[in-house]
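Q:
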Amino acid sequence: MPIDKRVGSAAEALADVKDGATVLISGFGGAGFPNMLIRELVKRAPKRLTLVVNSATHRLSYTHELIEAGLVAKVVCSAARGRDKDLSPFEKLKKEGKIELECLPQGTMAEAIRCGGAGIPAFYTPVGVGTDLTAGKEVRSFKGRDYVLEHAISGDLALVRADTSDRYGNLTYRYAQMNFGLAMATAASTVVAEVRETVDQPIPFDRVGCPGIYIDRVVVAQGVA
Amino acid sequence: MKPLNRRQMAWRAAQDVEDGSLVNLGLGMPLLVSDYLPEGRDVFLHSENGVVGVGPIASSNMADPDLVDAGSRQITLRAGATIVDSAWSFGMIRGGHIDVTVLGAFEVASNGDLANWDMRVPDKGPLVGGAMDLAACARSVWTVMEHNTRKGSPRLLEKCALPLTAQKCVKRIYTDLAVITVEPQGMVVHELVDGLSRDELQKRTGAKLNFAPGCKVLVTPDIADTETE
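Chains as they are written, first to last, in this note's numbering: chain D, 1 to 225; chain R, 1001 to 1229.
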């Protein structure tokens, strides 16, 4: 059967999400948030999710809606600070002990996801040695410098944003849209891409930012920026 | 004695950025450094989100929501710029390809320890971002920072009190009062503002200061201060 990964709606793309899933969500700095898919996930309301997302509180990402809806048991991220003096919904849940947090240096998180998709179970990094964030983690010295052992991250589902896709799931990105999305697309059992538009012609090989072999479903963004 | 304002501190740090270098600027005051790079120095600015060659902030008619830096500012690209993904961007950082990172700091210790990510505000969520990666792995780590807290306590210390970002990483410190390097023997002052005595500077500092043989007056142009975004 000819491959065609394009599906008609976000609901169709996320029909099989399960409670307890680990969900990777792309986006950083305002670009690359799969906001339509996040909204659909809020609607489907799976319970006890673990989110792997750079920021739990970025104002332009709808990630916080998942958290506010009480669907999230744990967040793995590099940033979770609310913008205001008052506590954000995440910070309140954290204070009440209703949500678990694992904070990682951003590069450690990116590399952990890359490794998760590349068959590397763990890696040593010099980042975070001697800091609170790596307390209790194994430290090993190579050539006179200390490194901390970090474990790969993979997930059940990745939601990633891109600009265009062809039927094969090949993705193109606009500007800084790629950020975590490329690594995340390699590191989850099911990968759904939200794109501005799908194209009928195959995307020329030298324009492809993410090979379609990593992508399971593609859905066109509607109702979000 | 007149302390430097934020833009003057950024100006002073900018004078030391070498031609041809790849530089990452932290949020806040460090970003101002890009406004004062001396003419003729062709510098690439790296941002953690993967932009290699950050250009000026986009004017409102040119702004594109997908063209942003790590601080969510809508930017432009400079000539020769490229964009990579997060894993590669941090591979650049850890791999030692960033020549200089200029960071803000709460505290710096005389051995170069840096604390700049956690103020221990009760119940607020953490925000480490790429600070630890940059501090641990850039080839040279500089800080621009007020010499003292608003209450007047020193930020340059024998040992940091706040949680560390990275150990023994800071090489240069640009404050509103002085330019200081971190050497094996501790902090060495190279420039201090006019009208401030060495004793007075030492009193405002929580670490023992050494003074370079050629220690001179810290001179900057008059630049009006503005609030940063």
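We treat Cβ as the ideally placed atom computed from N, Cα and C, and that holds for glycine.
The model shown is predicted, which means the values in this text are computed figures rather than measured ones.
#1: Who are the near neighbours of THR1228(R) in its chain, counting only those whose CB is closer than 8 Å to its CB and skipping five residues on each side?
#2: If you count every other CB in all the chains shown that lies within 10 Å of the CB of GLN106(D), and 16 or more means buried, which is it?
#3: Take the Cβ of GLN1185(R) as the centre, count every other Cβ of all protein chains shown within 10 Å, and call the residue buried at 16 or more, exposed below.
#4: Any C-beta of chain D within less than 8 Å: which residues of the stretch 1127-1151 of chain R qualify?
#5: Quickly, what does DSSP pair GLY227(D) with across the bridge? List them, please.
#6: Excluding sequence positions up to five away, which residues of its chain have a Cβ less than 8 Å from the Cβ of ASP151(D)?
#7: Identify the residues that DSSP records as bridge partners of VAL1193(R): which are they?
#8: Nearest by alpha-carbon distance to GLY1071(R): which of GLY1026(R), TRP1117(R) and HIS1147(R) is it?
#9: Using Cβ-Cβ distances below 7 Å, what residues of the stretch 162-186 of chain D are close to chain R?
#10: Compare the C-beta of ILE1083(R) with all C-beta atoms of chain D and state if any pair is closer than 8 Å.
#11: Please confirm if the stretch 124-138 of chain D is in contact with the stretch 163-179 of chain D, defined as three or more CB-CB distances below 8 Å between the two stretches.
#12: Output the distance between the C-alpha atoms of SER1021(R) and HIS1046(R), rounded to the nearest integer angstrom.
#13: Does any residue of chain D bring its CB to less than 8 Å from the CB of ARG1094(R)?
#14: Quick one: is ARG83(D) near chain R, going by C-beta distance under 8 Å?
#15: Closest by CA to ALA162(D), which one among LYS92(D), LYS43(D), VAL199(D) and ILE99(D)?
#16: Look at the alpha carbon of LEU37(D) and the alpha carbon of GLN177(D), and state the distance between them as a whole number of angstroms.
#17: Considering only DSSP beta bridges, list what LEU41(D) is partnered with.
#18: Which chain D residues sit within Cβ distance under 7 Å of VAL1051(R)?
#19: Which parts of the stretch 187-223 of chain D are runs of the beta strand (DSSP E), unbroken and 3 residues or longer, counting only runs that do not cross its ends?
#20: Three or more C-beta pairs under 8 Å: does that hold for the stretch 1162-1176 of chain R against the stretch 1109-1128 of chain R?
#21: So, is the C-beta of SER78(D) closer than 8 Å to a C-beta in chain R?
#22: Taking DSSP's pairing of strands, which residues face SER1140(R) in a bridge?
#23: Compute the distance between the beta-carbons of MET1001(R) and VAL1193(R), then report whether it is under 8 Å.
#24: Between LEU133(D) and chain R, is there a C-beta pair that is closer than 8 Å?
#25: Identify which residue in HIS1190(R), ILE1173(R) and GLY1050(R) has its Cα closest to the Cα of MET1145(R).
#26: Quick check: is the beta carbon of ARG114(D) nearer than 8 Å to any beta carbon in chain R?
#27: With burial defined as no fewer than 16 other Cβ atoms inside 10 Å of the residue's Cβ, what is the status of GLN949(R): buried or exposed?
#28: Does the Cβ of SER1034(R) have 16 or more other Cβ atoms within 10 Å, making it buried, or fewer, making it exposed?
#29: Use the C-beta contact count for ASN1061(R): other C-beta atoms within 10 angstroms, 16 or more gives buried, fewer gives exposed.
#30: Any beta carbon of chain D sitting closer than 8 Å to that of PHE1106(R)?
#31: Run through DSSP, which three-state label would MET1001(R) get?
#32: Closest Cβ-Cβ distance between THR1231(R) and chain D: below 8 Å?
#33: With ALA1178(R) as the anchor, note down where its beta strand (DSSP E) starts and where it stops.
#34: If you measure from the beta carbon of GLU1048(R) to each beta carbon in chain D, is any gap under 8 Å?
#35: Give the secondary structure of CYS944(R) by DSSP, where H, G and I count as helix, E and B as strand, and everything else as coil.
A: To lay it out plainly:
#1: In this predicted model, THR1228(R) has a pLDDT of only 49, less than 50, meaning its place in the structure is not dependable; the value taken from the coordinates is given anyway. Taken in chain order, the residues that qualify are ARG1006, GLY1028, MET1029, LEU1031 and LEU1032.
#2: By the beta-carbon neighbour count (other beta carbons within 10 angstroms, threshold 16), GLN106(D) is buried.
#3: With fewer than 16 Cβ atoms within 10 Å of its Cβ, GLN1185(R) is classed as exposed.
#4: From the stretch 1127-1151 of chain R, only LEU1127, VAL1128, GLY1129, GLY1130, ALA1131, MET1132, ASP1133, ALA1136 and CYS1137 have a Cβ closer than 8 Å to chain D.
#5: With chain D represented from 1 up to 225, any question about residue 227(D) goes unanswered, as that position is not in the structure.
#6: The sequence shown places His at residue 151(D), rather than the Asp named in the question. Taking C-beta separations shorter than 8 Å and ignoring five residues to either side along the sequence, the partners of HIS151(D) in its chain run ALA112, PRO121 and ALA122, following chain order.
#7: In the DSSP output, where bridge partners are listed per residue, VAL1193(R) has none listed.
#8: Measuring C-alpha to C-alpha distances from GLY1071(R) to each of GLY1026(R), TRP1117(R) and HIS1147(R) identifies GLY1026(R) as the nearest.
#9: Taking a C-beta cut-off of 7 Å against chain R, the contacting residues of the stretch 162-186 of chain D are ARG174, TYR175, ALA176, GLN177, MET178, ASN179, PHE180, LEU182 and ALA183, listed in chain order.
#10: Residue-level contact check: ILE1083(R) touches chain D, since one or more beta carbons of chain D fall below 8 Å from its beta carbon.
#11: Contact between the stretch 124-138 of chain D and the stretch 163-179 of chain D is absent, because fewer than three Cβ pairs lie under 8 Å.
#12: Going by the C-alpha atoms only, they are around 10 Å apart.
#13: Chain D, which has a Cβ nearer than 8 Å to the Cβ of ARG1094(R), makes this yes.
#14: With 8 Å as the cut-off, ARG83(D) does not count as an interface residue toward chain R.
#15: Relative to ALA162(D), the option among LYS92(D), LYS43(D), VAL199(D) and ILE99(D) whose CA is nearest is VAL199(D).
#16: Using only the alpha carbons, I get a separation of about 16 Å.
#17: As computed with DSSP, LEU41(D) is found in no beta bridge at all.
#18: The contact set of VAL1051(R) on chain D, defined by CB atoms closer than 7 Å, consists of ALA176 in chain order.
#19: Qualifying beta strand (DSSP E) stretches, in chain order: 188-198 and 217-220.
#20: Yes, they touch.
#21: For SER78(D), at least one C-beta of chain R is nearer than 8 Å to its own C-beta.
#22: According to DSSP, SER1140(R) bridges with VAL1100(R).
#23: Yes, the pair counts as a contact, with Cβ atoms nearer than the cut-off.
#24: At a cut-off of 8 Å between beta-carbon atoms, LEU133(D) makes contact with chain R.
#25: Sorting HIS1190(R), ILE1173(R) and GLY1050(R) by C-alpha distance to the C-alpha of MET1145(R) places ILE1173(R) at the top.
#26: When Cβ-Cβ separations below 8 Å define contact, ARG114(D) makes contact with chain R.
#27: Nothing about residue 949(R) can be read from this structure; chain R reaches only from 1001 to 1229.
#28: SER1034(R) should be labelled buried.
#29: So ASN1061(R) ends up on the exposed side.
#30: False, the Cβ-Cβ gap to chain D never drops below 8 Å.
#31: MET1001(R) falls in the coil class under three-state DSSP.
#32: Because chain R spans 1001 through 1229 in this model, residue 1231(R) falls outside it and cannot be assessed.
#33: Per DSSP, ALA1178(R) is one residue of the beta strand (DSSP E) stretching across 1178-1183.
#34: Yes, its Cβ sits closer than 8 Å to a Cβ of chain D.
#35: The structure shown does not extend to residue 944(R), since chain R spans only 1001 to 1229, so no value can be given for it.
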